[in-house]
Structures are given as C-alpha cells and as structure tokens.
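Colleague: Okay, handing you the structure first.
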Amino acid sequence: MLLQHVAVVAEQASGAVGAAPNAWLAGGIFLACYAVVMSERFNRANVALLAAGLMIFSRILTQQEAIAGIDFNTIGLLIGMMLIVSVTQQTGIFQFLAVSAAHRARGNPWGILLLLGLVTAVTSALLDNVTTVLLIVPVTLAITEELEVSPYPFLFSQILCSNIGGAATLIGDPPNILIGSQVSGLSFADFMVNLAPAALVVLAATFVPIWLVWGRRLHASAEARARVMAFIPREAITDPALLKKCLIVIALVIIGFVIGHGRGLEPATVALTGGALLMLLSNLDRKIDEKNERVHHFFGHVEWTTIFFFVGLFIVVAGIERAGILAKLSALIVDGAGGDRNAIAYAVLWVSAIASAVVDNIPFVATMIPTLKGVVAELGLGAEEAEPLWWSLSLGACLGGNGSLIGASANLIVAGFAERAGQPIRFLTFLKHSFPLMLMSIAICHVYLWLRYLS
Amino acid sequence: MGEAIGILVARRFRSVPVVDDAGKMIGQFGVHALLRMMVPRIATERLGLPHLPFVQDDLEDLRRRLRRFWDKPVGEYAERDYFVVHPDTPLTKTVLSLYHTHDNLPVVDRKTGQLLGIISYWDIVQRLLN
Amino acid sequence: MPVLLALLILFVLGSRRAREPPVDPQPAPIVHSPLVPVLLQHGATAVAEHGDVSSVIFGWSAIAVATTLFGLTYALIMTERFNRANVAMLAAGLMVLLGVINQHQAVVGVDFNTIGLLIGMMLIVAVTRETGVFQYLAIWSAKKVKAKPWGILLMLAVVTAVTSAFLDNVTTVLLIVPVTLVLTEELEVPPYPFLFAEILFSNIGGTATLIGDPPNIMIGSQVEYITFLDFMVNLGPVVIVVMIATIFPIWLIWGRKMTASDEARQRVMEFDEKAAITDKPLLVKCLVVLGLVTFGFIVGHPYGFEPATVAITGGALLMILSNLGRKIDEKNERTHHFFGHVEWTTIFFFVGLFIVVAGVEHAGLLNMLADEIVERTEGDRAAISIAVLWVSAIASAIVDNIPFVATMIPTLKTVIADLGMSQSDSMALWWSLALGACMGGNGSLVGASANLIVAGFAERAGQRIKFTTFMLHAFPMMLMSIAICHVYITWRYL
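Protein chains in written order, with the working numbering: chain S, 29 to 483; chain A, 1158 to 1287; chain E, 14 to 507.
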C-alpha cells in the first residue's frame, strides 16, 4: 500500500517539481531496497547498505548529506544498550528471575506462565526484546520439561508479552527508539506516561484469552511441581559481584534517561557512557590481555547486522526525503484525511499494526517518521497536538509485531528455540491465535487514544 | 613424554591427569595434546592456520616431529584448560561435563587441588543400573 | 576506580577554579603531558578568552575540564592498564556529560569518513581472508626463490609491504605471519629475522597509500584537498628508498648467515600453493571488488565520492556476492560473522578519540598549541615540517600514533590557517606528519598494533620477541628511515 503511494508520489514529484529530477531514481532505489528486504532472500543489512551506496553514487546525496541523515542518537543508544546487555547476560540474573518466578508460583503451571509473562514484559521494557527472550526462553523450556506440560502456551505468551512490554518505554523496542531519538521534545518520561498505561491494559487483556484457551487446563503432578521447587534460584547467579555492577550501571543509565532530557543529555550519550563504564567495571582486576579480549568479545555481541541495517535505511530514507518524495507523501496523507488530525492518528495506528504484522516494522517506522513530521508541519500542529500521532505510530508498530510469527525478530528467535527443543511452532497455528489477539490489542489502543487524546 | 604416551596407548585412555610431587593436579595430558604436537604449532593456535591445505608429507615427517618431544617431561606439555569435578558437585552437572568432554573427569579437592580420583561415564551408568 | 579518580580530580580542579580568580590556571594532574608548558604560558589569556563558556557543569572552566580529561585519557591509554577503546569512550562520554560539548557537537567531531573507510576495508578483508590468497602468495613466493631462507625473507617482506599498502597492517601480518611460522618451522631456522622484517615492512608499506595506515586514512579524510593519488605520488618514492635501505642491515645481521638443509628446503618445495586457495569463485569476486574499490579511490575524488562511501559500498557488494547461492539463514549467519571480524575495539577507540579531540578543540586548547608552534618556529614552514617529522616519529615509537595524529591534524590545520599557507605549501607538513607517524611505529614493539600482533603470534608459537631486543634492532633502523625522509622532504618540498 505504502509502495503504491510512493510510486504515485515519485511520479508527481518528478513531473511537478523541476528541481528534483532525481525523484524517479531515488524512488526506484527506495522501492527496490524495500522489496528486496521484504523478499527475505538477502541479508537485510547488506541490501540496505548497498542501496545507501547507490543513493550516493547516483548523486542524490553527497556523503556529507548521507552522514547527516543517519540518526546517531538511535545508533548510539542501540549500541550502548547492546553493550550493557552483553555484560549483564553473563551474570545469570535472567535465569534467577525466571526460577524465582517459578518458586513464587509454587510450581503451579498457570502461575508460572503468568509470572514469566510479567518478567518478560518488564525486562523487554528495559532491554531489547530479542535479548529478553533469548535469556528467558531456555529457562522456560527447562521448567516446562520438568513440569511435563506443553511449552507452547508459555512461549506464545512470552512472545506477546515481550512486544507489549517493549511498547511501554523509549528504549523497549526499535520503533520507540527511533521515535524518541528523532522527534525532539519527546522524553523518556513522556513515553512512560503516555504508553505504559496502554501497555498495561493490553497486557491484562491478553491474559484473558490465554487463560481461556490454555490456562484453565494446565496441570502438573505434585511430583513434577516438587522437582521445580527443588531448583535453587540463587545458584543461577554466576557472578554476584558483576551483577551488582550491572544493576548499578543500569540504574544510573535509567536515571540518566529520565533526568537527562531537558539538560541536553541525549539517550545515546547516556547509554554509550554507561556501556563503557560497565565494561571498565567488569574488567577491574583482570590482566590487560584479558581486558582487551573481553572488550572485543562484548563488542562482538552487539548486533552489527541490525545496526548497519539502520544505518543503510537512514541513508535511503534521507535520499527519498532529499528528492522531495516524503514531502509529497505527507501532502497526500493530509489530503486523504481531509486535514483531520484524528483521522490520521487512527489510520496511522491501524496501518502500522497491519504493516508490522506482515513486514519488518523498522523500515516502516523509519519512513513514517519524516513523513509524519511533514504532516505535522503541513497541518501546523504544535508539539502537544502532534503527540497522539507519535503514540499511534509507536503502539501500532510495536503491538503489530504480535500479528504473525515474522512480525518481530523476537518471535522468530522463540520459534527457533522451540524448534530446537523439539516443539516447533507452526506459522499458521501461531497466526490463528495471535492475529485476533493483536487486533484486540489495537482496538484497545484505539479506544485509549480516543479517550485520552482525540475525544 | 615417551612414558606417558606409552600409558595412553597401552591402556587406550583418552587422557590422564598430571600431578606434581605433592599430588596436586597441574594439568591433563591426552591424545588431544599428543595430536597437537605432531602438526606445526601455529596450526593449532588461535588466529593461526586451521587447515594447512598446502602441506605435503609422509609418516617420517610426523615421526621426526614426535622425536623432538620424546624425552621432555610431560608436565611441560600438559594442557592447562580442563574440566574437573569436586566431591560435592551435583550429579546432573557432572553428567553434563561428561557429555561435553567425552572423557573421564578428574575429581579434585575444592580447596587443596589434590587429585582424589577419576570418574568415568561407565561409573555413573553402572551405578544407575544397580 | 579510574573513573572515580577522574571525577575526583575534576571536582577538585573545578572547585578550585570556582574559588580562585581565573588568572592562575594550574593543570596539576597532567604534569607528564607535553602540553603543560604551553598551558602554563598561555593558560591565563586562554582562560580569559574562553571563560565565558558557561555550559560546563558547576561553572568550571571549559579549557581546564577538557585539558584534564584529555591528559587523563592519554595517560591512561599509555599505561596500557585498561582497554583503550573503553577509556576513550568513557572520556568522550564525560566530555559530553560534563558539558564541554553537547552530543551534536560530539557527533560532528567524529570523522565518519575515517570510520566508514576502516569498517568498509575491514569487511572486505574479512571476506578476502577466507579465500587463502595470502597463503598462496607466501608459498608461491617461497618456492620462487627455491626455498632459500634469505630469499624467502626478502620475498615475504615485499609481499607484506605491498599488501600493507592496500589493506590494513594488522590484517596483513595476521595473514602472513602464520604461513611464515610454518615455513620457518619446516626450514628449521629461527623465525625472529623473518618476523622482524615483516613488522618493519608492514609499517613502511602502509605509509605509501591513503588507505595503508590509520594516520594516512585520517589525514586523507580530514584534509579535503589531498587525494588518493597525491599519497601514492608523494609518499611512494620515499617508501621505496626506505625499503631498500632497510634491507641492508637485516642482511648484515642475519641474512648472510642463514642456511637451511637441502632436505628441509625440499619439504618446502613440496608444498602445493594451489591447494591453499580454498574458494576460487570467491577469490575472483574478491579481486573484482578490490579492483573496483581501488579504482573508486583513485577516480572518485574529483566526482565527490569519498573513500568511506566507496569502501562501505564495496564491502556490502562483496558480502552480497559472496553469499549468492546460499540459503537466507546462512547469508545472515555469514554477514553477522563478517561484521564480527571488524575490529570494533579499534573503531570505538577512534570514535572516542575524535570526540575527546573535538572537546579540547572546542575548548580552545588546540588553538593555543597551534599558536605555540607558530611562535616557537617563528612561522618558518621548513622548521615546522622537520619538527613535525621528528616529533611524530619519536612520539609514535613510544605511544600509539592514532591519538597523536588525531590531535595533530586540527592543530596543523590551525597553523596553516594562521600562517596563511597555500594548499601546495601546506603539503610538506602533511607528508611530514604521515611519514613520521607511520614509520615511527617501527621504533619499538609497542609502536604500532601490527608489531604487537606479530609479537603475540611469536609468543604463542614459543618464540617470544623481547621488548629490548627488538628495540635494539628496530630503533636505529627507524632513525635511519626518518633521516632519509628528512632529506627527501627538504629536497622535494622545502
């Protein structure tokens, strides 16, 4: 749908605006890039980087403009958080949380499902979703094996919870990071205040159907429950000293996020400095060779493919922006909605949700942000009035990821684990359960937006 | 070295623990270390040449390499990275270590580092059956 | 607890500054920094000039905070007690957190042309190393000289120099040294002279092109009017002279005494270099992309295509080509693996340093340094050039040349602007900096990263290279090479 728009717009731009003769070329590179990324036949970072290179070689952008198009706040924030996570995951804290949750629930399967879902949601809100499920799912599988229950409902709920939890904060999910970095004026606290209530309601509502479909029939023998109760949570923590350092740095970083805004401290500075500090702290008392080795290892844990996918996308989007395509797209949206902000907000919510269920939400959001900025400018909205548009985009893109197994990277990670554990998750089975739940969550967000901002 | 290799071959052990005069475990010597000595050193090092596709040789070349080590003390060539278990290690963890090493595990005192014995997968399986 | 220490020092310094009138700045914690005399002389005026920078927290003076951070960073890097990337990143973070510069200024301070060029070339190398072409080259050249040890040494040195000119030095030695060790083990000759020659030639060869060595990459990226070809034309000749001159002492000390048994040589002659090529189609792709990228470097400049664009696009293209015909999972896996081969520690060391340098530049320290240079040399271009050459060489032998060059580039730019030099006149300064910083790396085992990599290999292969032994041989040779450069620069440019 978006693609058709772009094609139409490219035609108009190249016809109408004589100053932008490269609109066809820029639009072509953009469309080819997105189409190849969606085909999933090539590595997406490679494709995006190559397309970015083409934007420069075809003289749509200079290297200077391309670099200016990269949002280094997003890049720095992602790298910093990934560094912090790569140190923290060595401590065993996630295993500890999961085993504690099982203890708290006294080995009762439904209780465990509920608590693990909450742990996943809270962790996803603070760290990235992929890491969260990478760490929680293995423990979940160990627990369900001991309980002799099917792991599917557990994994299903964790997928949903990770995406819902991620929607609650600025750093929880890539779409939010993008929005938070590129829309000046939205602070860490703004995200919490505006999105967390919606996320909480959606989370609560999601557990109802899960209980109806699976929860009420989950049973484990007393013997199996005793085995789970025999797990010792404390043993899961491999390095208590390191854990303390991690918790201090994470706390400092979050404080930095909250109080930094308004003092000119951007999230990227806070996250990268936190990452460097944590690496330094975790290396104290080691030999220099080992320090170098470990720092190299931590950097190796950063998802560079994701980072360079972002870099490439930013440049490609800067290219079509430069060629005047996004301005046209903004005008088209405004015209289509008759200049009605509320109609645009609802459309953004639903279109982002459906789009994110089908394709990767990162390229979608990367294109939508400058487009919506254009819309905001065209309608002459103040920062306050524009906010609902950003919340629509965020909720739609984050929660839409729950719509299918390929809607978010975390979903695929969980599916991979399930397959290796001999419990493959079928694409269609998952779709049958998750798509209605996703629609329900978007409906809730629709009501939330209406009640809070648009009525 | 010659003696240690003799023991490995005669008893078909994969590896044997190496202890100092006080009975403290200082390393492990086995077929892995032995094979390693028979190839150019850099081939087995990190970032070295893992494949050596271009080298042409015969049995005499390998013998020549092995002769260089024959009379050296085994302690010099014992591997320092090895799995151990302690008397109080949980069984599941021990079984997991056996699964990873495909080898016997030395049982070592947690405080003094004294070698107390060796545990093999046969020991565990036999106990399970009894 | 260096962080706490740093904060403490800053706090003490800052609170004192707050109490005293800003006429007597005493940057006490950086006594060992070469910048202290400059600061002591010019501090008073500079603080007065820049005292109005009010964004720094607690109202501390920007120049004092920036200078302290700068000095501490460099001191900590030199102690080699901490990972250098880590230190640089933390210092960069503090520059922003303490308010010397804001995040936007920090990002602008990072030279993404250097960063992109490094990442792109590292990606290309990560793919190319899988083909076995370097082993092929080494064995082929060994057999060309009938496996005579001195011949092998010469050939390997030349291969190292040429490869270093187009790929980075660390990668070159990472790939050449293991084959060297196999060859010397087969020949039963000591590997030390071979490794020694390879270290020297990797640094000398790297000097010849814009992409050969980090100092050149930085100069090429940050000085807009210098092209890829300029580097080749101006540095290539002197590099060849230095290479020839370096061979003589190596021959005198080791070369003439080298022998290997016929039996051992026979074994090397039986090596099959063709078997070293593991993936011929991939090799063809690599050579095509490397050719395109080099072509892009040479012709790109007039069209406004910067090296970073060329290198990164080349890297992405090569990854896509090398992944053709594979499944998507495998493609993702391999791409992830190639990105993992990029030396991120080095990249983030650069990023951190650029920001730290941007901080001191913004605070006005580099202007002072430039004024000082102009004053000391009375604005004489020849004197500045020669001073830059020798100071960079000695400094690079002792400490990492990357931070040194990162600081010198903006400083020299100011000097050039102060003296109103024309572009062609200013060239002598840049070539002095490049020659001094690159070749100075040969002065000691810690002078360049490639040296340390070779030493690491030698140690793992049971042939430890001692710091003092190496210095005894390498330092005089480094001085000789700088003397040659001195003559060359005087003759050609001054």
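Quick reminder that beta carbons are idealized off the backbone N, C-alpha and C, glycines included.
Only a predicted model underlies this, so the values are computations on that prediction, with no experimental measurement involved.
1) Between which two residues does the beta strand (DSSP E) holding A:Ser1172 run?
2) Cα separation between A:Thr1269 and A:Gln1185?
3) Would you kindly work out how many angstroms separate the C-alpha atoms of S:Ile343 and E:Gly327, rounded to a whole number?
4) Using 8 Å for Cβ pairs, my map puts E:Val467 next to E:Leu208. What's the rounded Cβ distance?
5) Indicate the three-state DSSP secondary structure (helix, strand or coil) for A:Met1182 in the structure shown.
6) Pull up the distance between the alpha-carbon of S:Val161 and that of E:Ile189, whole angstroms please.
7) Assuming S:Phe124 contacts S:Ile265 (C-beta within less than 8 Å), just tell me the rounded distance between them.
8) Measure the Cβ-Cβ separation of S:Leu467 and S:Trp419 and say whether it is below 8 Å.
9) Report the residue from S:Ala226, S:Leu280, S:Ala443, S:Thr334 whose alpha carbon sits nearest the alpha carbon of S:Met110.
10) Out of S:Phe392, S:Leu155, S:Thr148, which one is the CA nearest neighbour of S:Pro166?
11) Between S:Lys319 and chain E, is the shortest Cβ-Cβ distance under 8 Å, so that the two count as touching?
12) What do you get for A:Val1252, buried or exposed, if any count of 16 or more other CB atoms within 10 angstroms of its CB means buried?
13) Whole beta strand (DSSP E) runs in the segment 203-255 of chain E with 3 or more residues, listed along the chain?
14) Pair every Cβ in the segment 1162-1169 of chain A with every Cβ in the segment 154-167 of chain E, then say whether three or more of these pairs are closer than 8 Å.
15) Out of curiosity, what's the CA-to-CA distance linking S:Arg72 and S:Val65?
16) Check whether the Cβ atoms of S:Val323 and E:Asn182 sit closer than 8 Å, and answer yes or no.
17) I need the boundaries of the alpha helix (DSSP H) containing S:Gly145, first residue and last residue.
18) Could one say the Cβ of E:Met332 lies closer than 8 Å to chain S's Cβ atoms, at least one of them?
19) Kindly indicate if chain E contains any beta-carbon less than 8 Å away from that of S:Leu30.
20) Could you spell out where the beta strand (DSSP E) holding A:Leu1262 opens and where it closes?
21) Tell me the rounded alpha-carbon separation between S:Ser380 and S:Ser358.
22) Using a Cβ-Cβ distance under 8 Å, would E:Ala496 count as near chain A?
23) Can you find a CB in chain S that lies within less than 8 Å of the CB of E:Gly338?
24) When the Cα atoms are used, what is the spatial distance from E:Arg477 to E:Asp393?
25) Assuming the contact rule is C-beta atoms closer than 8 Å, E:Thr222 and E:Asn229 should be a hit. Round their C-beta distance to whole Å, please.
26) Assuming S:Thr119 and S:Cys274 are in contact, meaning their beta carbons sit under 8 Å apart, how far apart are those beta carbons, in whole angstroms?
27) Roughly how many angstroms lie between the CA atoms of E:Ala170 and E:Ala289, to the nearest whole one?
28) Starting from S:Ile95, find everything on chain E with Cβ-Cβ shorter than 7 Å and list it in chain order.
29) Roughly how many whole angstroms lie between the Cα atoms of E:Thr144 and E:Val355?
30) Closer than 8 Å by beta-carbon distance: list the chain A residues that pair up with E:Phe284, in chain order.
31) For A:Val1282, which option in A:Pro1263, A:Asp1214, A:Lys1181, A:Thr1249 has the closest C-alpha, if you only look at C-alpha atoms?
32) If you drop the 5 nearest sequence neighbours on each side, which residues of the same chain put their C-beta closer than 7 Å to that of E:Thr427?
33) Are the beta-carbon atoms of S:Ile112 and S:Val229 separated by less than 8 Å?
34) What does S:Leu300 touch in chain E if you count any residue whose Cβ is under 7 Å from its own?
35) Does the distance from the C-beta atom of E:Trp357 to that of S:Phe182 stay below 8 Å?
36) Enumerate in chain order the residues of its own chain whose CB-to-CB distance from S:Gly290 is below 8 Å, with the five nearest sequence positions on each side excluded.
Modeller: With the given structure in hand:
1) If you number the second sequence from 1, residue 1172 of chain A lands on position 15. Its beta strand (DSSP E) spans residues 1172-1176.
2) As a first step, residue 1269 of chain A is located in the second sequence; it is residue number 112 there, counting from the start. As a first step, residue 1185 of chain A is located in the second sequence; it is residue number 28 there, counting from the start. Those two C-alpha atoms are separated by around 17 Å.
3) Translated into positions along the first sequence, residue 343 of chain S becomes position 315. Translated into positions along the third sequence, residue 327 of chain E becomes position 314. Those two C-alpha atoms are separated by around 16 Å.
4) As a working mapping, residue 467 of chain E is identified with position 454 in the third sequence. As a working mapping, residue 208 of chain E is identified with position 195 in the third sequence. Sure, about 5 Å apart at Cβ, within 8 Å.
5) Counting from one through the second sequence, the residue named residue 1182 of chain A turns up at place 25. Here A:Met1182 sits in strand by DSSP.
6) Sequence index remark: in the first sequence, residue 161 of chain S carries index 133 (1-based). Sequence index remark: in the third sequence, residue 189 of chain E carries index 176 (1-based). C-alpha separation (whole angstroms): 42 Å.
7) Within the first sequence, residue 124 of chain S is the residue found at index 96, counting from 1. Within the first sequence, residue 265 of chain S is the residue found at index 237, counting from 1. About 5 Å separates the two Cβ atoms, so the contact holds.
8) Taking the first sequence and counting its residues from 1, one reaches residue 467 of chain S at position 439. Taking the first sequence and counting its residues from 1, one reaches residue 419 of chain S at position 391. No, Cβ-Cβ distance for S:Leu467 and S:Trp419 is not below 8 Å.
9) Position 82 of the first sequence, counted from the start, is the residue given in the question as residue 110 of chain S. A check of alpha carbon separations from S:Met110 across S:Ala226, S:Leu280, S:Ala443, S:Thr334 identifies S:Thr334 as the nearest.
10) The residue you call residue 166 of chain S lines up with position 138 of the first sequence. Selected option, being the one with the closest Cα: S:Thr148.
11) By 1-based counting over the first sequence, the position of residue 319 of chain S is 291. With 8 Å as the cut-off, S:Lys319 counts as an interface residue toward chain E.
12) One-based indexing of the second sequence puts residue 1252 of chain A at position 95. Exposed, since its Cβ has fewer than 16 Cβ neighbours within 10 Å.
13) Listed in chain order, there is nothing to give.
14) no
15) Residue numbering aside, residue 72 of chain S sits at position 44 when the first sequence is read from its first letter. Residue numbering aside, residue 65 of chain S sits at position 37 when the first sequence is read from its first letter. Distance between the alpha carbons of S:Arg72 and S:Val65 is about 5 Å.
16) Working through the first sequence from its first residue, we reach residue 323 of chain S at position 295. Working through the third sequence from its first residue, we reach residue 182 of chain E at position 169. Taking 8 Å as the Cβ cut-off, S:Val323 and E:Asn182 do not qualify as a contacting pair.
17) Reading the first sequence from its first residue, position 117 is the one you call residue 145 of chain S. From DSSP, the alpha helix (DSSP H) with S:Gly145 extends over 137-154.
18) Taking the first residue of the third sequence as position 1, residue 332 of chain E is located at position 319. E:Met332 counts as touching chain S.
19) Working through the first sequence from its first residue, we reach residue 30 of chain S at position 2. Below a pLDDT of 50, predicted positions are generally treated as unreliable, and S:Leu30, at 46, falls in that range; no measurement from the model is reported.
20) Taking the second sequence and counting its residues from 1, the one referred to as residue 1262 of chain A is at position 105. Here the beta strand (DSSP E) through A:Leu1262 covers 1262-1265.
21) Your numbering for residue 380 of chain S matches position 352 in the first sequence. Your numbering for residue 358 of chain S matches position 330 in the first sequence. Roughly 16 Å between the two C-alpha positions.
22) Numbered from its first residue, the third sequence carries residue 496 of chain E at position 483. E:Ala496 does not count as touching chain A.
23) Locating residue 338 of chain E in the third sequence gives position 325, counting from the first residue. No, no contact with chain S.
24) Translated into the one-based positions of the third sequence, residue 477 of chain E becomes position 464. Translated into the one-based positions of the third sequence, residue 393 of chain E becomes position 380. Cα to Cα, E:Arg477 sits roughly 46 Å from E:Asp393.
25) Walking along the third sequence from the start, residue 222 of chain E turns up at place 209. Walking along the third sequence from the start, residue 229 of chain E turns up at place 216. That belief holds up - the Cβ atoms of E:Thr222 and E:Asn229 are roughly 7 Å apart, short of 8 Å.
26) To locate residue 119 of chain S, count along the first sequence from 1; it is residue 91. To locate residue 274 of chain S, count along the first sequence from 1; it is residue 246. At roughly 6 Å, the Cβ-Cβ gap stays under 8 Å, so S:Thr119 and S:Cys274 are in contact.
27) Position 157 of the third sequence holds residue 170 of chain E. Position 276 of the third sequence holds residue 289 of chain E. Here the alpha carbons of E:Ala289 and E:Ala170 stand approximately 20 Å from one another.
28) Locating residue 95 of chain S in the first sequence gives position 67, where the first residue counts as 1. Neighbours of S:Ile95 on chain E, chain order: Phe125.
29) Residue numbering aside, residue 144 of chain E sits at position 131 when the third sequence is read from its first letter. Residue numbering aside, residue 355 of chain E sits at position 342 when the third sequence is read from its first letter. One C-alpha to the other measures close to 17 Å.
30) Numbered from its first residue, the third sequence carries residue 284 of chain E at position 271. Simply Phe1211, Val1212, Gln1213.
31) As a first step, residue 1282 of chain A must be located in the second sequence, where it is residue number 125. If we check each option's Cα against that of A:Val1282, A:Thr1249 comes out closest.
32) In the third sequence, the residue the question calls residue 427 of chain E occupies position 414. For E:Thr427, where only same-chain residues beyond five positions count, the Cβ hits under 7 Å are Leu379, Asn380, Ala383.
33) Position 84 of the first sequence, counting from 1, holds the residue named residue 112 of chain S. Position 201 of the first sequence, counting from 1, holds the residue named residue 229 of chain S. One thing to note: S:Ile112 has its Cβ no nearer than 8 Å to the Cβ of S:Val229.
34) For the purposes of this step, residue 300 of chain S is identified with residue 272 of the first sequence, where counting begins at 1. Correct list: Met102, Gly106.
35) Counting from one through the third sequence, the residue named residue 357 of chain E turns up at place 344. Counting from one through the first sequence, the residue named residue 182 of chain S turns up at place 154. Contact flag unset, no.
36) The residue labelled residue 290 of chain S in the question sits at position 262 within the first sequence. Same-chain partners within the cutoff: Ser215.
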